[in-house]
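There are 2 protein chains.
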Amino acid sequence: MMNLERAQAPVAFLPDWLSLHAERRPGRVAIATEERSVTYAELHRAAKATAARLFALGVRPGQRVGVICHQGLMHALCLHALITLRAVMVPLNWRLSPAELAYQVEDCGADFVLCDEAAAPFAEQVASAAARRVPTIVVPREAWEGEGAIEGQPMREAAGDVSLTAVHAIVYTSGTTGRPKGAMITYQNHWYSAMASALQFGLDPEERWLVPMPLFHVGGMGVLMRSLIYGTTAVVHDRFDAEKVDCALASGEITLVSLVPTMLARLLKLRREPYPPQLRAILLGGAGCPRPVLERALELGLPVAQSYGLTETNTQVATIDLAHALRKMGSSGRPLANVRIAVQGPDGPTTAPGVEGEILVQGPTVFAGYYNRKEETERALAGGWLHTGDIGRLDEEGFLYVLDRRQDLIVSGGENIYPAEIESQLLALPGVMDAGVVGKPDDEWGQVPVAFVVMEAGTVLTDERSRAFREELRSRLAHYKVPVAFYQVDALPRTASGKLMRYEMRKWVMQG
Amino acid sequence: MMNLERAQAPVAFLPDWLSLHAERRPGRVAIATEERSVTYAELHRAAKATAARLFALGVRPGQRVGVICHQGLMHALCLHALITLRAVMVPLNWRLSPAELAYQVEDCGADFVLCDEAAAPFAEQVASAAARRVPTIVVPREAWEGEGAIEGQPMREAAGDVSLTAVHAIVYTSGTTGRPKGAMITYQNHWYSAMASALQFGLDPEERWLVPMPLFHVGGMGVLMRSLIYGTTAVVHDRFDAEKVDCALASGEITLVSLVPTMLARLLKLRREPYPPQLRAILLGGAGCPRPVLERALELGLPVAQSYGLTETNTQVATIDLAHALRKMGSSGRPLANVRIAVQGPDGPTTAPGVEGEILVQGPTVFAGYYNRKEETERALAGGWLHTGDIGRLDEEGFLYVLDRRQDLIVSGGENIYPAEIESQLLALPGVMDAGVVGKPDDEWGQVPVAFVVMEAGTVLTDERSRAFREELRSRLAHYKVPVAFYQVDALPRTASGKLMRYEMRKWVMQG
Numbered sequence: 001m002m003n004l005e006r007a008q009a010p011v012a013f014l015p016d017w018l019s020l021h022a023e024r025r026p027g028r029v030a031i032a033t034e035e036r037s038v039t040y041a042e043l044h045r046a047a048k049a050t051a052a053r054l055f056a057l058g059v060r061p062g063q064r065v066g067v068i069c070h071q072g073l074m075h076a077l078c079l080h081a082l083i084t085l086r087a088v089m090v091p092l093n094w095r096l097s098p099a100e101l102a103y104q105v106e107d108c109g110a111d112f113v114l115c116d117e118a119a120a121p122f123a124e125q126v127a128s129a130a131a132r133r134v135p136t137i138v139v140p141r142e143a144w145e146g147e148g149a150i151e152g153q154p155m156r157e158a159a160g161d162v163s164l165t166a167v168h169a170i171v172y173t174s175g176t177t178g179r180p181k182g183a184m185i186t187y188q189n190h191w192y193s194a195m196a197s198a199l200q201f202g203l204d205p206e207e208r209w210l211v212p213m214p215l216f217h218v219g220g221m222g223v224l225m226r227s228l229i230y231g232t233t234a235v236v237h238d239r240f241d242a243e244k245v246d247c248a249l250a251s252g253e254i255t256l257v258s259l260v261p262t263m264l265a266r267l268l269k270l271r272r273e274p275y276p277p278q279l280r281a282i283l284l285g286g287a288g289c290p291r292p293v294l295e296r297a298l299e300l301g302l303p304v305a306q307s308y309g310l311t312e313t314n315t316q317v318a319t320i321d322l323a324h325a326l327r328k329m330g331s332s333g334r335p336l337a338n339v340r341i342a343v344q345g346p347d348g349p350t351t352a353p354g355v356e357g358e359i360l361v362q363g364p365t366v367f368a369g370y371y372n373r374k375e376e377t378e379r380a381l382a383g384g385w386l387h388t389g390d391i392g393r394l395d396e397e398g399f400l401y402v403l404d405r406r407q408d409l410i411v412s413g414g415e416n417i418y419p420a421e422i423e424s425q426l427l428a429l430p431g432v433m434d435a436g437v438v439g440k441p442d443d444e445w446g447q448v449p450v451a452f453v454v455m456e457a458g459t460v461l462t463d464e465r466s467r468a469f470r471e472e473l474r475s476r477l478a479h480y481k482v483p484v485a486f487y488q489v490d491a492l493p494r495t496a497s498g499k500l501m502r503y504e505m506r507k508w509v510m511q512g
Numbered sequence: 001m002m003n004l005e006r007a008q009a010p011v012a013f014l015p016d017w018l019s020l021h022a023e024r025r026p027g028r029v030a031i032a033t034e035e036r037s038v039t040y041a042e043l044h045r046a047a048k049a050t051a052a053r054l055f056a057l058g059v060r061p062g063q064r065v066g067v068i069c070h071q072g073l074m075h076a077l078c079l080h081a082l083i084t085l086r087a088v089m090v091p092l093n094w095r096l097s098p099a100e101l102a103y104q105v106e107d108c109g110a111d112f113v114l115c116d117e118a119a120a121p122f123a124e125q126v127a128s129a130a131a132r133r134v135p136t137i138v139v140p141r142e143a144w145e146g147e148g149a150i151e152g153q154p155m156r157e158a159a160g161d162v163s164l165t166a167v168h169a170i171v172y173t174s175g176t177t178g179r180p181k182g183a184m185i186t187y188q189n190h191w192y193s194a195m196a197s198a199l200q201f202g203l204d205p206e207e208r209w210l211v212p213m214p215l216f217h218v219g220g221m222g223v224l225m226r227s228l229i230y231g232t233t234a235v236v237h238d239r240f241d242a243e244k245v246d247c248a249l250a251s252g253e254i255t256l257v258s259l260v261p262t263m264l265a266r267l268l269k270l271r272r273e274p275y276p277p278q279l280r281a282i283l284l285g286g287a288g289c290p291r292p293v294l295e296r297a298l299e300l301g302l303p304v305a306q307s308y309g310l311t312e313t314n315t316q317v318a319t320i321d322l323a324h325a326l327r328k329m330g331s332s333g334r335p336l337a338n339v340r341i342a343v344q345g346p347d348g349p350t351t352a353p354g355v356e357g358e359i360l361v362q363g364p365t366v367f368a369g370y371y372n373r374k375e376e377t378e379r380a381l382a383g384g385w386l387h388t389g390d391i392g393r394l395d396e397e398g399f400l401y402v403l404d405r406r407q408d409l410i411v412s413g414g415e416n417i418y419p420a421e422i423e424s425q426l427l428a429l430p431g432v433m434d435a436g437v438v439g440k441p442d443d444e445w446g447q448v449p450v451a452f453v454v455m456e457a458g459t460v461l462t463d464e465r466s467r468a469f470r471e472e473l474r475s476r477l478a479h480y481k482v483p484v485a486f487y488q489v490d491a492l493p494r495t496a497s498g499k500l501m502r503y504e505m506r507k508w509v510m511q512g
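As given, the protein sequences belong to chains P and Z, one line each in that order.
Residue 1 is where the first sequence starts when you use UniProt numbering, and the numbers rise one by one after that.
Residue 1 is where the second sequence starts when you use UniProt numbering, and the numbers rise one by one after that.
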């Protein structure tokens, strides 16, 4: 008798979506921005022309290529040109400092950095800051016009189907240790994210998904990729403007929107009535939504859907149905299709209700590992589960409650801040003996970082010194990472083994 | 440097959909019939109770289990109970004769035959006709009530996630040779069919998909499985009644419907205006739709979508968009997501326009092979392509035109009839020296079989003899397979190697 279980190999390829849609629905809008809407045919043509240009300049399949674009439309063009070339995109967060980005560029061994005209000076700074000089390529706006950006250069066609397990992008995440690591996101991750989302929210063949979030994080990239897979429209706002987003949602032309809770809070200041029914869901990611914000949104009748996810799971792995939002306030919902969520219990992974422990995830949207970091990858994926570093519990109905979003992570306006990274910079400042950073609740940003420092004997942390510290840090770190306040203390709470107990410091913050 | 291509293993499991939906949307209707609607919670409970009953009677994971149900609701219950048990379902076409089904039961080594009360006498006939006596189990209607059908028997829970490549069902298809073969359909086949369909037609979270077709073919089974995967409603009509289907579609409560062209032709006799917009698509499968029927449907503004598929591809692999239906009249459309279609050209598989040859298919909905038929499986899947046996060509835009739906296949009212099978029965009749069967166009059924026979010297095929032949064949073959007419000829057209040229006989039919 045949072995029924082994009768079939799993599927290993996905189609080249862009050429598929360009052929089948050439006139449909692929990406809409305030400034311009481009159809699938236009996007395909521009991607092929840009791919030809990049190829002529030396970009090859499998190479890692950094991308820094201030304009969403140009970011999307780079993404598609790199898929066409089968090069690996490394989206770079331009809110970071040039030194921080230079580290990422070096770490992934990027061969090039692409940028749009707006980001060109900054990209140059990044490229120069890298130990190994990395060539930058400015992708001009003219790439959207004409047949090819380089005279006589033939269009470059995609290589056909793409391997399901091939790496599409490397997205940097600081992880719990504060050391940025490149998370490898595969095409399979995108495909299953798109399918899970369709199963969760349905799929309107005329979907228009608004993303006023940065495209360099998985949240923004996910909207671009899902719209691509569906052959629908990604509506991109280059920066979050509450009035513009409110206006777009009120127009009835948006069917789904991805937001971080801070953005929702700002929208609620403007909104007095529900949005039209075309808007099926407001996806909240990046951080847990403060209860008063969620309650206000539900009161207003907004279709909010709190989710849980991280870079290593390529966006959401759990989402709460609107039907349960009130009853399960504070929960991030249940796992999406094909995803398993468990908690690390005393005897291993468990879904038993009430057990508190590290949140574990299994499924097709879990990333392929950290680029060039075998050990960290093995640790993160030990035992076949992704170890998220977040603490949570499941209830008797399988709803996930995230108790501590990564042990020490500070989430500020949707950006992750890892205290260890800031602490290491603080320790380099003159007179600082020890330093600890934690988040402080903030109405506008969700959280903001504050620092506790131990100064050299006899040194006082004056206001003037604090200002100098802040200025110094601004030259080294992204603006949102610079602590909003510095407090001098005699000693920091540490365990016997010297590990910083940030939990204790958070108590100091809460006690004022 | 890491090998980026091999960084991730493809996904290997799927969730247990039924328990998932029973937990998350217990009150939603899973299956609606004229007689009764059952919710996901009810279906889950009944499936677990029935699984417990079957387990107590000896049904075990991996066993093949025949299913003969006249009532769709009972058929669906058997399907879910068998998934719960991880046994392989062998849906049996009760329009076949007991002898034909006994062959299938023997061929797949079925350990049991399940049936509903209505089909019990027939199932007994099948079981008795098998060389090795196969026990039949009647699944009672009471399985829908109470907690367990056997006193004190605990409910049987599904074994959790299911392997993507595990075989879900074995569906018999006669293939080109006329010898029925069991096509192994995997969970992966269903999953990708469901996703491809969502990408093609969108996915309404409140989908209600009407299936007035038999559930024992992949067309009907596909609707049950897709609705299961989506967590939406399958609306089952136990037999096609044009007025009832028309009424259902006109009610606005149906969002998708699967039909064979014959059914559409009958609907058109009743319909004078379009259906409400809730009906997004009328999927046509099983055979090419006659041009006048398609034209009339399009004139009326019906959202018809001609598709191409076969048992070995677990339903549709190509479907034509409504947008192209008129311009590409006669085409079955372009491949669905993840599917590749090519034509066997002189130098191998090609997508070059205009080349006529055997249609080849690749993709995740291609079946896992024929049960226990290594050689036929290897032939069917040679070179990594499914060899469909159908002849077709692609045009310059990638649209598929099926020129001959399997060389000799007769499609009558959605049922496949393989001439070779009928011919072998004809040859056993007294006085018949040679026989050939081909299809004749028929307004109602699409095609009906007619027979050309060579009689022994001096024997004339009188009307009386024809009637006797017909009666004899009715005892051996399904009713629809019995030729509607017998014509006596002096000789049949055969090649030098003796192969019957049915093409020539079809010309006789067309010339009257």
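Cβ atoms here follow ideal geometry from the backbone N, Cα and C, with glycine treated the same way.
Which of the three DSSP states, helix, strand or coil, is assigned to residue i?
i, result
"Ile229(Z)", "helix"
"Thr377(Z)", "helix"
"Asp16(P)", "coil"
"Asn416(P)", "strand"
"Thr39(P)", "strand"
"Met155(Z)", "coil"
"Gln447(P)", "strand"
"Arg206(P)", "A small correction: the amino acid at residue 206(P) is Glu; Arg does not occupy that position in the sequence shown. If DSSP states are grouped into helix, strand and coil, Glu206(P) belongs with coil."
"Thr311(Z)", "helix"
"Asp238(Z)", "coil"
"Ile137(P)", "strand"
"Glu358(P)", "strand"
Could you tell me how far apart the beta carbons of residue i and residue j are, in whole angstroms, since I believe they sit closer than 8 Å?
i, j, result
"Ala194(Z)", "Pro91(Z)", "Contact flag wrong, Cβ pair sits at about 18 Å."
"Pro335(P)", "Val293(P)", "Actually they are not in contact, since the Cβ atoms of Pro335(P) and Val293(P) sit about 24 Å apart, beyond 8 Å."
"Val489(Z)", "Phe452(Z)", "5 Å"
"residue 517(P)", "Val343(P)", "Residue coverage of chain P in this structure runs from 1 to 512, which leaves residue 517(P) outside it and unanswerable."
Does the separation of the CB atoms of residue i and residue j fall below 8 Å?
i, j, result
"Leu249(Z)", "Tyr275(Z)", "yes"
"Ala502(P)", "Val438(P)", "One point to set straight first is that residue 502(P) is Arg, not Ala, in the sequence displayed. Yes, the pair counts as a contact, with Cβ atoms nearer than the cut-off."
"Leu284(Z)", "Leu264(Z)", "yes"
"Ser332(P)", "Val402(P)", "yes"
"Gln278(P)", "Gly252(P)", "yes"
"Thr173(P)", "Glu312(P)", "yes"
"Glu207(Z)", "Leu256(Z)", "yes"
"residue 516(P)", "Arg291(P)", "Any property of residue 516(P) remains undetermined from this structure, which presents chain P solely from 1 to 512."
Can you list, in chain order, the residues of its chain with a C-beta nearer than 7 Å to that of residue i? Leave out the 5 residues immediately preceding and following it.
i, result
"residue 524(Z)", "Missing from the structure shown is residue 524(Z); chain Z here goes from 1 to 512 and no further."
"Gly219(P)", "Met213, Ser258, Gly285, Gly286, Thr315"
"Leu473(Z)", "Gln425, Val482"
"Val223(Z)", "Trp209, Val211, Ala234, Ser258"
"Arg132(Z)", "Glu106"
Once the 5 residues before and after residue i are set aside, which same chain residues still bring their CB inside 8 Å of it?
i, result
"Gln511(Z)", "none"
"Thr165(P)", "Ala12, Thr186, Tyr187, Gln188, Ala368"
Grab me the residues of residue i's own chain with a C-beta within less than 6 Å of its C-beta, minus the 5 sequence neighbours each way, in chain order.
i, result
"Met1(Z)", "Its pLDDT being 37, under 50, Met1(Z) is placed unreliably by the model, and nothing is read from it."
Problem - Three CB pairs or more closer than 8 Å across the region 50 to 66 of chain Z and the region 79 to 89 of chain Z - result: A contact exists between the region 50 to 66 of chain Z and the region 79 to 89 of chain Z.
Problem - Meets three-Cβ-pair contact criterion under 8 Å: the region 379 to 389 of chain Z and the region 412 to 423 of chain Z - result: At 8 Å Cβ cutoff, the stretches do not touch.
Practice task
Determine, using beta-carbon pairs with one atom in the region 64 to 75 of chain Z and one in the region 101 to 120 of chain Z, whether at least three such pairs fall under 8 Å.
Solution key: Yes, they touch.
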